[in-house]
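Residue numbers (numbering that gives the first Met the number 0), protein chains in the order written: chain G, 0 to 345; chain R, 0 to 345; chain Y, 0 to 345; chain A, 0 to 345. Here the structure comes first, spelled out in structure tokens, and everything after it is commentary.
There are 4 protein chains.
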Amino acid sequence: MIYFTCDYQEGCHPAILEALQRTNFEQTPGYGEDAYCAEAAGLIRSLCQAPSAQVHFLVGGTQVNLLAVACALRPHQGALCADVGHINTHESGAIEATGHKCIPLPSVSGKITGDQVRSYVRDHFALGNHEHVVQPGMVYISIATELGANYTRSEIADIFAACRETGLYLYVDGARLACAMADAACDWDLPFLAAHSDYFTLGGTKAGLLFGEALVITNPALQKDFRYIMKQRGGMLAKGRLLGIQYAVMLRDGLYFRLGRHAVAMSEKVRRALSALQVPLLSENGTNQTFPILPDSVIEAISDRFTLCPWERVDDTHQAVRIATSWATRQEDVDALIAALTSALR
Amino acid sequence: MIYFTCDYQEGCHPAILEALQRTNFEQTPGYGEDAYCAEAAGLIRSLCQAPSAQVHFLVGGTQVNLLAVACALRPHQGALCADVGHINTHESGAIEATGHKCIPLPSVSGKITGDQVRSYVRDHFALGNHEHVVQPGMVYISIATELGANYTRSEIADIFAACRETGLYLYVDGARLACAMADAACDWDLPFLAAHSDYFTLGGTKAGLLFGEALVITNPALQKDFRYIMKQRGGMLAKGRLLGIQYAVMLRDGLYFRLGRHAVAMSEKVRRALSALQVPLLSENGTNQTFPILPDSVIEAISDRFTLCPWERVDDTHQAVRIATSWATRQEDVDALIAALTSALR
Amino acid sequence: MIYFTCDYQEGCHPAILEALQRTNFEQTPGYGEDAYCAEAAGLIRSLCQAPSAQVHFLVGGTQVNLLAVACALRPHQGALCADVGHINTHESGAIEATGHKCIPLPSVSGKITGDQVRSYVRDHFALGNHEHVVQPGMVYISIATELGANYTRSEIADIFAACRETGLYLYVDGARLACAMADAACDWDLPFLAAHSDYFTLGGTKAGLLFGEALVITNPALQKDFRYIMKQRGGMLAKGRLLGIQYAVMLRDGLYFRLGRHAVAMSEKVRRALSALQVPLLSENGTNQTFPILPDSVIEAISDRFTLCPWERVDDTHQAVRIATSWATRQEDVDALIAALTSALR
Amino acid sequence: MIYFTCDYQEGCHPAILEALQRTNFEQTPGYGEDAYCAEAAGLIRSLCQAPSAQVHFLVGGTQVNLLAVACALRPHQGALCADVGHINTHESGAIEATGHKCIPLPSVSGKITGDQVRSYVRDHFALGNHEHVVQPGMVYISIATELGANYTRSEIADIFAACRETGLYLYVDGARLACAMADAACDWDLPFLAAHSDYFTLGGTKAGLLFGEALVITNPALQKDFRYIMKQRGGMLAKGRLLGIQYAVMLRDGLYFRLGRHAVAMSEKVRRALSALQVPLLSENGTNQTFPILPDSVIEAISDRFTLCPWERVDDTHQAVRIATSWATRQEDVDALIAALTSALR
């Protein structure tokens, strides 16, 4: 069986295991205060051209998202986000358990706009009794979104401008940032993102690490005492070096970005084939996820060899599925999938 | 200036002040463990034909709502509610500050249905990774709703049946229960409500008390240790007798219900006049709130003598307003309002 | 039966009921935005010589304490307090439910010192891994303390200086402030307290109001958005005017302070008698609470007419009890108690 | 420089890296629903003779502790623990951030007793106003304790009996369980522990894994919906198999226990040498931590080659330090340390 269900079904890139092996018996301080974490943080600051950014290494995405909210908001504030945003839908109420409301905005392919932020904030303060309503305190966006969409340079700049105008923080969940940056249409880079957000993550789990999310905090107002909050929410890894070693391996020579490009190339191949087969997509994008709408019979026909991720029912005989590729996806598996779809669709 | 903006702009029914005066120098235990609270609780149990119900007296609506959630839900659970439900919109994130998500359902005049509950719960557990999504743990409904609507006997019974089938608790926010029961179309009574919910409030603040919400807990599973949680969230009044005295006065001879009927009668008068004037309503109902859609010019024309509550803009020249009447509304003020509207609308 | 168990067993001073009666049918805005609240806030600012202080009116002590913590602390911070401090012992974990740790310091009669604050904070930051330990973020003191003790001018000044040196906020729980100020040994006044704390309460419930705590926030850093948090935690009274009216009555002509002096005078009388009877006290003080150590037989002997508050067992045949007097304590009841004790102790 | 500061300064046992390598390109479901987690859980159930136990794999200790509290307590409940217990001292307020109070009990070498539990609970419910005080809901003990002490079979049985009598849950933090079981004086085993607690952890991070804590829940009342809460608090590892693989390697053939015995043997060697040198210990124990009281001059003298963990100052010229050994400690390093101490102490 070949799985295209998600982007974290294998372990990690072999270079990481090799580095873990090589460093295994070194003695280092715990809790991320070792030389590998320092090196990896330095690499990230340098890639971002953000010399005063703080970089923290965390294990998982839900954890880093809830920490991003906890460190930024006062008790009465909430986080504006897309209605389909991960924090609003698939984190079991992690944000609410931290005491804050997710304030959902209608979205297109998981994207929201600067003007939505401006108008939500303006309407909030125009209310007679705005103190009775959760105050928006930050904006959460995912790049790439949960539906694989990417933001453009001008869209990011506009959301960030809206945040500056309204006094909100902008947080970017970059669990799939490597794939967003590998999108052929991507017109921004890390220095741009670092300069147009208050904090963001450079996701590792879905990019070829065993696990890990690097949180880059560029806004000094959010840097203070972050490690206390990390520790308090169970986010401080005892053997923190494991994160530093992994990120250092990935970033020393650009492996992180090459793996992102591989994942996207595999999806592009899938999309070209689907287009040739005239299969409609739920949502267009240029990253590592594709959402074709397929007849149930086709999904059934290939199900002995390929598992795709069910997404949503479209009508009585069709459903949208997610095909996710990753750093680990093999060319031949993609070819086999395309062949199977081609055959089943005939 | 005469205000029709809300139902808590005056103090309280004179009988309450008289009772406070009469009992003022009695010495009683604090924290609701006095004889007046015991009497009032007994009256409520008796009115509800629920001899084993617990009754707790609290000061305000947001407080009682957050306690209702805190006492019932486990950390990963949320409260299903109407999208316009008070807990979802006008409590500054009180539920989220308690750690739980409000899960909004589309509503009609602020009402939801048993089938919405059934289908939400079924869909939740049908999800592949339902553990990644907040689990519905209770249903919150308001009677009357925020838009003045009432539930029928069969609607309540069906929501309660849906809750029983799915293992959720049903909580009824009865801040405006007195007016709901005074609705001419109301086909249920307190014993019915007590038998078809797990807990509900008999609102006092909007019904002629200085302040107070009586929480009636009929489900034994929710009764345990409630007073700890009350105290913890600042909901236990030191001189708890103030609540007992007020509820006793209101319930000994039915004053509570008479005042509800007065409030509704005043609104009925308003509605008849609006109907005669062919003014459309945002939402039909038979309780103490009316939501006419009026030309801006009319609102402006009467604004030197009458203040209504702005609700929502309908088009460039019209807005919906709320006209709320209460136990304290005077017949002559309603007549004056009708006269003013009639004249302005011509 | 005459009760000396606590200072909130009666209703309120008659002048308050009279004012509630007089204003009962006035229409005012809700939520504390009425003219009475504005007047009362102005009176407090003026008494405190703190023209830019914010004043908020809340119903109860646990509520105001948890709000004081919620508005001031970031998630990883805790509140330094006396081990016997109310927030640490008698609020059912209200502070923890708000997400924060009470950090108890050893105390004498419920008092802590500036040097305890300095040394705790210094030791905290001297720790190798201080990020693994709750960071002190504020200091909570009660005036008078739970054991009736008062702070002197220089003690308050020193705690406040310690807070300024260490970057902590100082919050004073003044539930019994009226009695502390009536202490013959009290060498400070409201302007001094306002100038030597970041925020404090002027307690009403124990000082002759039906209920109410006035929170005075002098530090601008703590003023922002306080009303959101009030609303969120159920602390915003719908008919907020009830608090404004009560405080206005109490403060217009100094009634608040006269009632404090009465309560203390009654306790002084008790203390003089106990001293003459050579009854030892658990803790000396000059406010409205006295903690004599009495033989069980004496407590038993007077128990048909007088109820005192059990405090702690001292040995097999003696216990400390609390005798609390209040604004409502009658001279003749104190005389009767003294006579009874005198007779029983012979 | 050789470090004896803690038990997590190296990576992991080589067999683990080897297994990660071997399985690296297998495709498995995420979130702990893979065959390796199932195998490891089965091994643990079998070792514990607890066929109906739930086993969950988590990344770190603070995380598992806060989940243990979140899944068990209602909002008004707290966790009884030793004053020096990890949750009370070194988790940055993780338990309070979850809404609950740590209720510290005096301890000896970090140990508490069944009778302390009994008397605390009895005293709590004997209070007049117990609803004003946090209700004890669970007991937290560490085995081994933070000071290296172990519990005996009868001590554990008595604490568990006390919990059963009082209705509290017993949770055992087994971050250092492997070393406790390797203690020569240990008179209990896993089946005993599983039968005499409600849930406990089998710590991995300090026992030779890269990271990991296995939570074993034997009490069915605590099993329901645990995975939701795991996910909500950021405790569900995306590539959950990493935990399953590690535990499976450690438990298939007893490696876990052999490594614990090695760690303890190294400490025993240190203790014999210290005893011969007549160095007093802060606290006696038979696990992998030793707390000698050493002259500052000695610590200084060896500090160019050995780093010990500062623990507490004893007097002007002496301090207690922690010497921790682990699965990774080399015989020759222990010999060198002993030689250096011997020489410096002469």
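In this text, a Cβ means the ideal position worked out from N, Cα and C, and glycines have one as well. In this text the structure is predicted, and so the values were computed from the model without any measurement.
In chain order, which alpha helix (DSSP H) runs of at least 4 residues are fully inside the segment 161-213 of chain G?
Complete alpha helix (DSSP H) runs here, min 4: 176-181 and 189-194.
Just verifying my parser: in three-state terms, what is the DSSP assignment at A/Phe305?
strand
Listing by chain order, which chain A residues have their CB less than 8 Å from the CB of G/Asn23?
Glu9, Gly10, Cys11, Pro13 and Leu16
If we call anything under 8 Å between Cβ atoms a contact, is A/Glu130 one with R/Arg321?
At least 8 Å separates the beta-carbon of A/Glu130 from that of R/Arg321.
Applying a beta-carbon distance threshold of less than 9 Å, which residues of chain A neighbour Y/Ala71?
Within chain A, no residue comes near Y/Ala71; the closest Cβ sits about 15 Å away, beyond 9 Å.
Among all the DSSP beta bridges, which residues are the ones paired with Y/Ser141?
Y/Asp172
Does any residue of chain Y have a CB that is nearer than 8 Å to the CB of G/Arg226?
yes
By how many angstroms is the C-alpha of G/Asp315 removed from the C-alpha of G/Leu340?
Rounded to the nearest angstrom, the two C-alpha atoms are 20 Å apart.
So what does DSSP say about G/Gln76, is it helix, strand or coil?
strand
In terms of alpha-carbon separation, which member of Y/Ala52, Y/Phe199, Y/His12 and Y/Ala179 lies closest to Y/Leu65?
Among Y/Ala52, Y/Phe199, Y/His12 and Y/Ala179, the Cα nearest to that of Y/Leu65 belongs to Y/Phe199.
Below 8 Å on the Cβ atoms is my guess for G/Gly202 versus G/Gly60; work out the distance and round it to an integer in Å.
That belief holds up - the Cβ atoms of G/Gly202 and G/Gly60 are roughly 7 Å apart, short of 8 Å.
With DSSP as the reference, identify every bridge partner of R/Ala319, one or two as the case may be.
Note: R/Ala319 sits in a beta bridge opposite R/Ile292 and R/Glu311.
Quick check on R/Tyr2: does DSSP put it in helix, strand or coil?
strand
Please report the straight-line C-alpha distance between Y/Ile228 and Y/Leu221, rounded to a whole angstrom.
11 Å
Compare the C-beta of A/His75 against all C-beta atoms of chain Y and say whether one is closer than 8 Å.
yes
Over the uninterrupted beta strand (DSSP E) stretch that includes Y/Gln53, give me the two end residues.
Gln53 to Leu57
Between G/Asn287 and G/Ser302, how many whole angstroms is the CB-CB distance? I'm expecting something under 8 Å.
With a Cβ gap of about 22 Å, G/Asn287 and G/Ser302 do not count as contacting.
Tell me which residue opens and which closes the alpha helix (DSSP H) that R/Thr47 is part of.
According to the sequence provided, residue 47 of chain R is Cys. The question's Thr does not apply to it. It spans Ala34 to Cys47 - the alpha helix (DSSP H) in which R/Cys47 sits, taken as one unbroken run.
Assuming the contact rule is C-beta atoms closer than 8 Å, Y/Cys101 and Y/Ile86 should be a hit. Round their C-beta distance to whole Å, please.
5 Å
Closest Cβ-Cβ distance between G/Thr204 and chain A: below 8 Å?
yes
Quick one: what's got a C-beta closer than 7 Å to R/Asp82's C-beta in the same chain, skipping five residues either side?
Pro103, Leu104, Pro105 and Ser106
Identify, in the order they occur along the chain, each residue of the same chain with its Cβ nearer than 7 Å to the Cβ of G/Ser282, setting aside the five sequence neighbours on each side.
Closer than 7 Å at Cβ, skipping near neighbours: Ser108, Leu146, Gly147, Ala148 and Phe290.
Closest by CA to A/Gln76, which one among A/Ala213, A/Val54, A/Gly166 and A/Gly253?
For the residues A/Ala213, A/Val54, A/Gly166 and A/Gly253, the minimum Cα distance to A/Gln76 belongs to A/Gly166.
Could you please give the first and the last residue of the uninterrupted alpha helix (DSSP H) stretch that includes Y/Cys11?
Counting along the chain, Y/Cys11 falls outside any alpha helix (DSSP H), and DSSP gives it neither H nor E.
Which one of R/Asn218, R/Leu208 and R/Ala143 has the shortest CA to CA distance from R/Ala184?
When the alpha-carbon of R/Ala184 is set against those of R/Asn218, R/Leu208 and R/Ala143, the nearest one is in R/Ala143.
If we define contact as Cβ-Cβ less than 8 Å, is G/Cys349 a contact residue for chain A?
Residue numbering for chain G in the displayed model covers 0 to 345; residue 349 of chain G lies beyond these limits and cannot be assessed.
At least one CB of chain R closer than 8 Å to the CB of A/Lys238: is that the case?
Among the CB atoms of chain R, none fall inside 8 Å of the CB of A/Lys238.
Spell out whether any CB of chain G is found under 8 Å from the CB atom of R/Ala96.
By this cut-off, R/Ala96 is an interface position.
So, for G/Ala349: in the same chain, excluding its five sequence neighbours on each side, which residues have a beta-carbon less than 7 Å away from its beta-carbon?
Nothing in the structure corresponds to residue 349 of chain G, since chain G is present only between 0 and 345.
Closer than 7 Å by C-beta to R/Gly98: which residues in its own chain qualify, once you throw out the five before and the five after it? Chain order, please.
Pro74
Between which two residues does the beta strand (DSSP E) harbouring R/Leu104 extend?
Cys101 to Leu104
What are the uninterrupted segments assigned as alpha helix (DSSP H) that are 4 or more residues long and contained completely in the segment 245-285 of chain Y, given in chain order?
254-275
Going by the DSSP bridge assignment, what does R/Ala69 pair with across the sheet?
According to DSSP, which records beta bridges pairwise, R/Ala69 is partnered with nothing at all.
Quick check on DSSP: helix, strand or coil for A/Pro219?
Helix at A/Pro219.
Any residues in the segment 87-111 of chain A with a beta carbon nearer than 9 Å to a beta carbon of chain R? Which ones, in chain order?
Within the segment 87-111 of chain A, the residues whose Cβ lies closer than 9 Å to some Cβ of chain R are Thr97 and Gly98, listed in chain order.
Just to make sure I have the definition right: I need the residues of chain Y whose C-beta is within less than 8 Å of the C-beta of A/Glu130. Which are they?
Ser91
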